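Report on the following structure.
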């Protein structure tokens with residue numbers, strides 16, 4: 001029980017810090033998407049429930065801070081957290097390259113869900129070409145993180 | 001039979017979708033203002049720390065560049081002051097004759113930009129002045145150069161500003177030289193679009209747009225942007241790309257005016 005509380009506080013703080021930091025940093029005038037990294041990590045390593053709850057937390061935090069509608073980030077990060085463990089189950093051999101590609105694709109999927117939700121339920125936030133560039137940069141920044149995630153030895 | 005993962009996915013999907021549908025027909029939820037305020041305070045702390053670390057490096061280059069620019073500016077302004085003094089006196093005399101009341105926009109507060117938004121879209125910035133400082137929704141936000149946007153949300157100590165580059169923003173403007181009226185709205189990529197401009201309007205690149213005051217939100221005469229290029233035409237109107245007067249990525253301090 002104590003371990004669960006400790007982990008919740010630790011990962012909660014990590015997620016809050018990353019959400020706040022990503023709102024302050026820009027790379028070539030685009031904001032980063034760092035909060036997806038702990039969500040993916042927790043989902044991948046600790047299972048779907050951990051990924052799901054961290055995804056909901058990070059997404060809700062992003063939605064509240066974004067000043068727009070509540071829901072897009074919660075949906076995308078919740079889903080990613082929930083289904084990240086599938087990669088753990090489906091791939092018998094986990095390589096560095098697979099990790100990098102996974103994080104790259106997951107960042108793109110996260111951005112795509114947020115963009116689609118905003119476009120459908122609020123207004124198209126920016127032209128698709130600008131969105132594609134921004135997502136690509138965010139995914140490239142995040143992808144090296146995939147290289148350091150390892151599967152636990154059986 | 002549904003497994004746990006699929007069940008959670010369905011619950012999440014239904015909950016968030018119904019939340020978003022509800023908000024799309026009404027206003028976005030603003031849950032727990034105290035939590036929001038604490039998060040923004042945390043953001044402010046990080047921002048302060050980041051500023052302190054990078055300040056000495058930025059200060060040196062900024063001072064050097066500023067010095068050169070300011071010397072040029074001082075020389076230019078000296079000349080302009082002499083000219084403006086004459087014009088101002090003449091203007092006052094004429095206004096007195098016409099019994100026109102001089103209307104000045106009063107500054108409610110000068111605020112610091114804390115964050116330039118979480119995702120850059122919607123184009124919203126956070127400023128460190130809120131309800132306690134007399135800020136109200138829909139107040140105009142500007143810099144000395146021109147229009148920045150309007151207040152869309154007020155918290156006790158902070159406010160959110162919708163930038164003029166957001167597609168959700170619109171304002172009534174005039175081309176300063178020809179006085180033709182049109183509507184400006186954001187494009188979402190750091191630029192704006194001028195709509196409903198008559199097709200036969202003579203346009204030149206670099207023409208200045210100023211607020212017309214006809215929308216009842218923004219005071220008259222605030223510089224908004226420069227005409228850049230033609231984006232499209234239809235039978236009646238022409239749509240024009242506009243470059244904002246202010247540098248969205250360089251916003252540091254803003255004024256909130258009534």
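Chains as they are written, first to last, in our numbering: chain C, 1 to 154; chain H, 1 to 258.
Yeah, the Cβ is synthetic: ideal placement off N, Cα and C, and Gly gets one too.
This one's a predicted model, so the numbers in the text were calculated from it and none came from an experiment.
Item	Value
May I ask you to report which of helix, strand or coil DSSP gives residue 6 of chain H?	helix
Which residues, in chain order, does the segment 167-182 of chain H contribute to contact with chain C at a C-beta distance below 8 Å?	167, 168
Tell me whether residue 43 of chain H sits in a helix, a strand or coil according to DSSP, three-state version.	helix
I think residue 224 of chain H touches residue 245 of chain H, with their Cβ atoms under 8 Å apart; what is that distance to the nearest whole Å?	6 Å
From H:254, H:185, H:153, H:115, pick the residue whose C-alpha is nearest to that of residue 31 of chain C; which is it?	H:115
Just how far apart, CA to CA, sit residue 101 of chain H and residue 95 of chain H?	Note that residue 101 of chain H has pLDDT 47, beneath the 50 cutoff, so the model's placement of it is unreliable and the number below is only indicative. Whole-angstrom Cα-Cα distance: 8 Å.
Determine the chain H residues that contact residue 20 of chain C at a beta-carbon separation under 7 Å, and present them in chain order.	42, 43, 46
Within the continuous alpha helix (DSSP H) that includes residue 16 of chain C, where are the two ends?	2-24
On a CA-only basis, which of H:188, H:169, H:194 is nearest residue 181 of chain H? Give me that one, please.	H:194
For residue 35 of chain C versus residue 77 of chain C, is the C-beta distance shorter than 8 Å?	yes
Mind listing which residues of the segment 4-16 of chain H have their C-beta closer than 8 Å to chain C's C-betas, in chain order?	4, 5, 8, 9, 12, 13, 16
Is the Cβ of residue 119 of chain C closer than 8 Å to any Cβ of chain H?	no
For residue 8 of chain C, decide whether its Cβ has a neighbour in chain H, counting only Cβ atoms nearer than 8 Å.	no
Do you know how far the Cα of residue 165 of chain H is from the Cα of residue 140 of chain H?	15 Å
Using 8 Å as the limit for Cβ to Cβ distance, is residue 38 of chain H near chain C?	no
Taking 8 Å as the CB-CB cut-off, is residue 71 of chain C touching chain H?	yes
Tell me the rounded alpha-carbon separation between residue 204 of chain H and residue 231 of chain H.	14 Å
Which of the three DSSP states, helix, strand or coil, is assigned to residue 75 of chain C?	helix
Nearest chain H C-beta to residue 78 of chain C closer than 8 Å, yes or no?	yes
Using a Cβ-Cβ cut-off of 8 Å, state whether residue 28 of chain H counts as contacting chain C.	yes
Using a Cβ cut-off of 8 Å, pull out every chain H residue sitting near residue 128 of chain C, in sequence order please.	Neighbours of residue 128 of chain C on chain H: none; closest Cβ ~10 Å, over 8 Å.
Could you work out which residues of chain H lie near residue 95 of chain C, taking near to mean beta carbons separated by less than 7 Å?	Correct list: empty, because the minimum Cβ distance to chain H is about 25 Å.
From the beta carbon of residue 160 of chain H, is the nearest beta carbon of chain C less than 8 Å away?	yes
On the DSSP bridge list, what partners appear for residue 141 of chain C?	None, per the DSSP bridge assignment.
Does DSSP put residue 151 of chain C in a helix, in a strand, or in coil?	coil
Can you tell me the Cβ-Cβ gap for residue 146 of chain H and residue 162 of chain H, rounded? I've got them flagged as a contact below 8 Å.	In fact, because the Cβ distance is near 16 Å, the residues do not count as touching under 8 Å.
Would a check of beta-carbon distances place residue 124 of chain H closer than 8 Å to chain C?	yes
If you check the beta carbons only, do residue 40 of chain C and residue 84 of chain C fall under 8 Å apart?	yes
Tell me which same chain residues have a C-beta within less than 8 Å of the C-beta of residue 198 of chain H, skipping the five on either side of it?	180, 236, 237, 238
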